[in-house]
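Position in the sequence shown (first residue = 1) + 620 = the working numbering. Ideal placement from N, C-alpha and C gives every residue a C-beta, glycine not left out. Here the structure is laid out as structure tokens; the discussion comes afterwards.
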Amino acid sequence: MYGNWLAAPRNADIFNATEKILIRQTGDSIIAVIVENGFIARDNLHIILPQNPLFNLKYVLAIVNSKLTDFIYTTMNPEKGEALAQVKKQHVENLILRDISISEQQPFITLVDKILAEKKAGNDTRALEREIDVLVYGLYGLTEDEIRIIEGGK
């Protein structure tokens, strides 16, 4: 189906991967979701595949959807507030993931699993999302003043 004979060949692994993170392209903030069923994405979604076997995708998802990442992204995104804003691949690639062990990733993975289960049941997940934000702040060693700025306080 895919091959070098195409005018714009793609790596078939991108489409065939059963587990991947999808990020919407249209919008001025990052919204990401994990897909575990081999969903084939169109060109209006960015795809994150596991490049490093030491990064669990649920850990990556927790970081990408955190308030810290949103703050960093909206600070460096010149399209914030524009009607036709686009999430650019290079902005996503510039986000920094802390390299931590699988055991250190486990609290993030556990919370993401809980959030996915609660979302599936139609329940509010804000408290669980807040727990992830607290873990992320600790992971990156943020001070109380820095956290207050990220959360919109002065």
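Specify, as a first and last residue, the run of the beta strand (DSSP E) that residue i falls within.
i: Leu644; result: According to the sequence provided, residue 644 is Arg. The question's Leu does not apply to it. Counting along the chain, the beta strand (DSSP E) containing Arg644 begins and ends at Lys640 to Arg644.
Can you tell which of the options has its C-alpha closest to the C-alpha of residue i?
i: Ser723; options: Tyr679, Tyr693 and Arg662; result: Tyr679
i: Pro670; options: Leu681, Asp663, Arg750 and Asn664; result: Leu681
i: Arg644; options: Glu771, Leu704 and Phe691; result: Leu704
i: Asp663; options: Glu749, Lys709, Ile720 and Ile767; result: Lys709
i: Asp690; options: Thr730, Leu717, Glu656 and Ser649; result: Ser649
i: Leu665; options: Thr646, Ala747 and Phe675; result: Thr646
i: Leu736; options: Thr694, Asn672, Arg768 and Asn685; result: Asn685
i: Ile720; options: Thr763, Leu755, Ile667 and Asp765; result: Leu755
i: Gln725; options: Ala741, Ile752, Thr763 and Val707; result: Ile752
Per DSSP, which residues does residue i bridge with? Please list them.
i: Ala737; result: DSSP lists no partner for Ala737.
i: Ile667; result: Leu642
i: Val655; result: Lys640
i: Gln706; result: Thr646
When burial is assigned at 16 or more other CB atoms within 10 Å of the CB, is residue i buried or exposed?
i: Ile660; result: exposed
i: Ile641; result: buried
i: Asn743; result: exposed
i: Ile651; result: exposed
i: Leu759; result: buried
i: Leu674; result: exposed
i: Leu748; result: buried
i: Asp733; result: exposed
i: Asn714; result: exposed
i: Ile716; result: exposed
i: Asp765; result: exposed
i: Ile769; result: exposed
Can you tell me where the alpha helix (DSSP H) with residue i in it begins and where it stops?
i: Ala747; result: Arg746 to Leu759
i: Ile650; result: Segment: none, Ile650 is in no alpha helix (DSSP H) and carries neither H nor E.
i: Leu677; result: Leu677 to Val684
i: Ile769; result: Glu764 to Ile770
i: Asn692; result: Strictly speaking, residue 692 in this sequence is Ile, with Asn absent from that position. Lys687 to Met696 is the span of the alpha helix (DSSP H), which, as asked, contains Ile692.
Sorted by chain position, which residues of the same chain lie with C-beta nearer than 8 Å to residue i's C-beta, five sequence neighbours on each side aside?
i: Ile729; result: Asn676, Lys678, Tyr679 and Ala682
i: Met696; result: His711 and Asn714
i: Thr694; result: Asp648, Ser649 and Lys700
Take residue i and list the residues in its own chain whose beta-carbon comes closer than 7 Å to its own, dropping the five residues that flank it on each side.
i: Glu771; result: Lys687
i: Thr745; result: Ile735, Glu738 and Lys739
i: Ile692; result: Leu715
Output needed for residue i: all residues of its chain with C-beta closer than 6 Å, excluding positions within five of it in sequence on either side, in chain order.
i: Glu699; result: Asp648 and Ala705
i: Tyr757; result: Ile767
i: Val653; result: Leu642
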